[in-house]
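Residue numbers (the working numbering): 24 to 225. C-beta atoms are modelled at their ideal positions from N, C-alpha and C, and glycine is treated no differently. Okay, so here's the structure we're looking at.
As structure tokens, this is what we get:
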């Protein structure tokens, strides 16, 4: 079973890439966010992989980090959510934001994801709220704790702004605890975002 794939990027679309590894071209399904974060054609690429074997074929799903793959796998453990819908969910919402939405029981946000209805959103909250706790702790947050820093600065707004500037979700997540300290020192939202940009550009 393939769990990680390193090779050369030879084809890239919004939700599908092809990686040449050892002379074999592997087609890998990815989210638009993962695809956008990859280097150009002919450049090296390294993805965490989930191999889905089913009657009639094998599908590979690729992620930029092991944590993202863990979120995907836990999604597929929810009744009614298969690999394709799980990938669709991650395409509609970055993993850190998804974790927080589930932890907060934010059904209104979850149902805005294409393909997720009210019942699916409810099952996600019921079945994943406890299962996501360790991942929230790993990124330095408790349920609801990432919404605002000590000075009232929304860490979610900070994360969203940095993601919109093209930085990878896994990289942004790593600096959020440092930015909370900036907020604790009384920095405004623009100041915290600028501090984030400074850290990301190091």
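Where residue 191 is concerned, there is no enclosing alpha helix (DSSP H), because DSSP gives it neither an H nor an E.
Between the alpha carbons of residue 28 and residue 136 lies a distance of about 28 Å. Comparing alpha-carbon positions, the option among 64, 25, 24 lying closest to residue 33 turns out to be 64. In the DSSP assignment, residue 155 falls outside any alpha helix (DSSP H) and carries neither an H nor an E. Spatial neighbours of residue 133 in its own chain (CB-CB distance under 7 Å, excluding positions within 5 residues in sequence) are listed in chain order as 124, 139, 144, 147.
Given a length threshold of 4 residues, each whole run of the alpha helix (DSSP H) inside the segment 119-154 is given here in chain order: 130-133, 141-151. Comparing alpha-carbon positions, the option among 56, 35, 60, 58 lying closest to residue 48 turns out to be 35.
Under the three-pair Cβ rule at 8 Å, the segment 50-64 counts as touching the segment 105-120. The beta carbons of residue 158 and residue 117 sit no closer together than 8 Å. When DSSP states are grouped into helix, strand and coil, residue 57 belongs to the helix group.
Counting along the chain, the unbroken beta strand (DSSP E) around residue 40 starts and ends at 39-44.
For residue 72, no alpha helix (DSSP H) segment is defined; the enclosing uninterrupted segment is the beta strand (DSSP E) at 67-77. Per the coordinates, the alpha-carbon of residue 218 lies some 36 Å from the alpha-carbon of residue 99. Sixteen is the threshold: since fewer than 16 other Cβ atoms of the shown chains lie within 10 Å of the Cβ of residue 24, the residue is exposed. Relative to the Cα of residue 203, the nearest Cα in the group 215, 221, 193 belongs to 215. By the neighbour-count definition (other C-beta atoms within 10 Å, threshold 16), residue 97 is a buried residue. Following the DSSP letters along the chain, one finds residue 99 inside the alpha helix (DSSP H) bounded by residues 89-99. Between residue 84 and residue 51, the C-beta gap is smaller than 8 Å, which places the two residues in contact. Rounded to the nearest whole angstrom, the C-alpha separation of residue 122 and residue 71 is 19 Å.
Assignment of beta-bridge partners to residue 31 by DSSP yields 43, 67.
By the Cβ neighbour-count rule, residue 74 is exposed, with fewer than 16 other Cβ atoms within 10 Å of its own.
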